[in-house]
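In this note's numbering, the protein residues as written are 47 to 382.
A short worksheet on the structure shown next.
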C-alpha cells in the first residue's frame with residue numbers, strides 16, 4: 047500500500063478558515079461545510095457600509111475560488127440601523143426557539159428573550175407552540191388572561207411585561223390534558239400563528255422539543271427568519287441540539303446561533319462557583335458546526351423562583367437580566 051493511501055484525509059473546514067483568516071479576520075463569525083460540500087460563511091459586517099460589505103464578500107469568494115468546494119453561501123450579520131429600511135418586510139420576524147430535547151430551559155429562555163427584546167424597544171409577540179405542555183402563561187403571569195376572537199381570528203393577550211402572547215394554556219381548562227393527534231396540534235399552532243398580531247416587529251415561537259408535526263407545520267406554512275438553538279453544556283443535550291440544528295438546516299431555516307443554558311452555578315450561601323452540567327460545551331459545538339455562539343445563561347435559583355412567580359428575570363436588573371439583554375442584542379443583528 048502506498049504512503050499516499052495512509053495520508054490523513056484533509057480537513058476542508060480548517061483549510062477554509064486558514065485561507066480566510068488574513069482576509070476576513072475577526073469578521074468571520076462562522077463557517078461550516080455541509081455533507082454535499084457546500085460552504086456556509088457568516089460574516090460580521092456591523093459598522094460597514096454597503097460597498098465595504100460587498101467588497102469583503104467578493105474577496106472571500108475569490109479566496110475560495112480555486113478550492114474544491116461546492117456552492118458558497120455568505121450571510122451577513124450587522125447591527126440593525128435606526129434608520130427606516132428602504133423596503134420593510136411584511137409581517138413580523140419569526141424567531142423559532144428550539145431544542146433537541148426537553149428539560150434544557152427552552153421555554154424560560156423564550157419568555158425572557160421576548161421580554162428582553164421588548165425592553166430594547168421592539169414590539170414583541172410570543173407564541174407558546176408547545177401544544178401539549180404549555181408553560182408561557184405561568185412564566186408571564188398571564189394565566190387569567192383569555193384571548194378573544196374577531197371573525198374567527200384570535201386576538202393575542204397583552205402581558206404586563208410588554209409582550210403580546212398566545213398559548214393553548216389560555217384556551218383550555220387549567221390542568222386538563224390535551225390528548226390530540228398530530229394534525230389537531232398542527233391546526234392549533236396555525237390558529238396561534240395566524241392571530242391578529244398587529245404591527246409587532248418580532249414573533250418569538252417557543253417550540254416543543256424534538257422534530258415532530260408541530261415543527262414541520264411551522265416551517266412549511268410559516269417560514270421563520272431564523273432559529274435559536276438552546277442546549278445545556280453536557281454531552282447528551284448537545285447530541286440532541288445537533289439534531290435540531292440538522293433539522294433546521296434541512297428545512298433551509300437559518301440557524302441564528304446557539305445558547306448555552308444552565309451554564310454555571312454560584313451558591314447563594316457561600317458564593318462558590320461550580321458547573322454541575324459542565325461548561326463551554328454548547329459554545330464549542332457552535333464553533334465546530336460554524337454557527338455563532340449567542341451567549342450563556344447561568345443556572346440560578348433566582349431564575350427558577352422568579353419564573354414560578356410569573357416574574358421574568360429579564361424584566362428586572364442585575365447580572366441575570368444583563369445576560370438576557372446581551373442575548374437580545376445578539377439577535378438584533380439581522381441576517382441578510
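Cβ atoms here follow ideal geometry from the backbone N, Cα and C, with glycine treated the same way.
Please confirm whether residue i and residue j have their CB atoms less than 8 Å apart.
i	j	result
residue 70	residue 110	no
residue 249	residue 138	yes
residue 303	residue 328	no
residue 229	residue 251	no
residue 169	residue 247	yes
residue 371	residue 162	yes
residue 177	residue 96	no
residue 340	residue 378	no
residue 291	residue 301	yes
residue 58	residue 115	yes
residue 63	residue 84	no
Opposite residue i in the DSSP bridges: which residues?
i	result
residue 74	89
residue 213	174
residue 306	277, 342
residue 348	Per DSSP, none; premise fails for residue 348.
residue 249	140, 171
residue 120	87
residue 301	273
residue 79	85
residue 200	195
If you compare alpha carbons, which of the options is closest to residue i?
i	options	result
residue 330	140, 261, 120, 287	287
residue 296	265, 181, 305, 275	265
residue 16	176, 75, 215, 160	Given a span of 47 to 382 for the chain in the structure shown, any question on residue 16 remains unanswerable.
residue 184	163, 157, 201, 170	157
residue 142	341, 172, 194	172
residue 236	255, 218, 260	260
residue 366	232, 351, 100, 300	351
residue 344	337, 164, 308, 370	308
residue 201	186, 187, 217	217
residue 140	268, 188, 354	268
residue 188	112, 346, 174	174
residue 348	336, 337, 363, 115	363
residue 384	278, 294, 181	The question about residue 384 has no answer here: the residues shown for the chain are numbered 47 through 382.
residue 263	238, 59, 62, 105	238
residue 75	354, 335, 346, 369	335
residue 275	203, 199, 337	337
residue 182	154, 300, 59, 233	154
residue 179	93, 82, 255	255
residue 205	160, 354, 369	160
residue 99	73, 79, 64	73
residue 151	354, 198, 376	354
residue 104	272, 368, 66	66
residue 376	289, 273, 294	273
Can you tell me which of the three DSSP states residue i falls into?
i	result
residue 379	strand
residue 186	coil
residue 206	coil
residue 241	coil
residue 115	coil
residue 195	strand
residue 110	coil
residue 152	helix
residue 357	coil
residue 125	For residue 125, the predicted model reports a pLDDT of 44, less than 50, meaning its position is unreliable and no value from the coordinates is stated.
residue 68	helix
residue 296	helix
residue 230	helix
residue 95	coil
residue 133	Only weak support is given to the placement of residue 133: the predicted model assigns it a pLDDT of 39, under 50, and the value that follows is read from those uncertain coordinates. In the structure shown, residue 133 sits in coil (DSSP, three-state: anything other than H, G, I, E or B).
residue 166	coil
residue 268	coil
residue 180	coil
residue 328	helix
residue 365	helix
residue 254	coil
residue 58	helix
residue 218	coil
residue 371	helix
Measuring CB atoms only, is the region 144–151 touching the region 358–369, in the sense that at least three cross pairs come out at less than 8 Å?
no
On the three-pair Cβ rule with 8 Å, is the region 199–210 touching the region 234–244?
yes
Is there contact between the region 79–94 and the region 115–124, where contact requires at least three CB pairs shorter than 8 Å?
yes
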